[in-house]
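These notes are about the structure you will find just below.
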Amino acid sequence: MSLPTFSSTTTAEDVADVFSAEIKGKNVLITGTSLNGIGFEAARVIAKHANLVVITGYNDERLKLSEEAIMREMPSANIRRLTLDLSSFAAVRKAAAEVNAYPEPLHVLINNAASADGPFKLTVDKLETQMATGHLGPFLLTKLLAPKLLAAGTESYVPRVVFVSSGAHTAGTGPNFATIARPDAANYKFFETYTQVKSANILTARELSKRSNGRINAYSLHPGSDYLH
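Residue 883 is where the sequence shown starts when you use our numbering, and the numbers rise one by one after that.
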């Protein structure tokens, strides 16, 4: 079986169309789906083929804009909004409980959300915001949704978890667990923390695949440079 070939001119629609048979009937949750971002684009094209796409964000008004944009293009799409603030463990637990109560199975989780804030800032849990939003929150969400994902597995289908990472991880030395546990404003560097977040995404995906013993396929990816319009 030959693999499809994509290039710099490949669109999101092109990719979704190639894999439409695999997407058909699936329920997919994507974090970080604000307009004009890669999470939104993923939600938009996946919604053409999926049974259900759950879009998430911390601001429900912005989520409504994303939902409305997709529905204008595809009135028959099945979109569900989920308010999710990944910088708060309590908010993550609340959102996960809501998803776990859905009657539908969950086939795919795409951890795309990240914090673009530059200055050092602590979350309500006293963690650095970029690390909390980009990795610790998604880590907890994945853990809490793992049983629902596992339940969606069949003899012919293995549930997926995707972490949107970055090739920028190569510019760092990996997660610094001391600073993650005890954030230090004096020594905070935005890009250095960014590389740690993306390294943590990669390591978590690898370990999740290993520990699930083939029952979950977990991936990390570098999205590259994307043209969004």
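Heads up, the beta-carbon is just placed ideally off N, CA and C, and yes, glycines get one too.
On a predicted model such as this, the values are computed, not experimentally measured, just so you know.
Val1006 classed as buried or exposed, judged by whether at least 16 other C-beta atoms fall within 10 angstroms: exposed
As assigned by DSSP and simplified to three states, the class of Ala1082: helix
Per-residue burial, Glu949 [other beta carbons within 10 Å of its own, 16 or more giving buried]: buried
State yes or no: is the C-beta of Leu964 within less than 8 Å of the C-beta of Thr938? yes
Please list the terminal residues of the continuous alpha helix (DSSP H) segment that includes Gly921. Per DSSP, Gly921 belongs to the alpha helix (DSSP H) from Ile920 to Ile928.
Leaving out five residues on either side along the sequence, give the residues of the same chain with a beta carbon under 6 Å from the beta carbon of Thr1151. Examination of residue 1151 is not possible in this model, given that the chain is present from 883 through 1111 alone.
Relative to the C-alpha of Arg926, which candidate in Glu895, Asn909, Ser1081 and Tyr940 has its C-alpha closest? Glu895
At what residues does the beta strand (DSSP E) containing Gly939 begin and finish? Leu934 to Gly939
Distance check for Ala924 and Pro957, CA to CA, integer angstroms please. 17 Å
Tyr1076 burial status per 10 Å Cβ neighbour count (16 or more: buried): buried
Please list the terminal residues of the continuous alpha helix (DSSP H) segment that includes Ala977. First-last of the alpha helix (DSSP H) with Ala977: Phe971 to Asn982.
Would you report the Cα separation of Ser1047 and Leu1018, rounded to the nearest angstrom? Straight-line Cα distance between these residues: approximately 14 Å.
So, is His1104 buried or exposed, given that buried needs 16 or more other C-beta atoms within 10 angstroms? By the C-beta density criterion, His1104 is exposed, having fewer than 16 other C-beta atoms within 10 angstroms.
Spatial neighbours of Thr1015 within its chain, please: C-beta separation below 7 Å, excluding the five flanking residues on both sides. Leu968, Ser969, Ala995, Ala996 and Ser997
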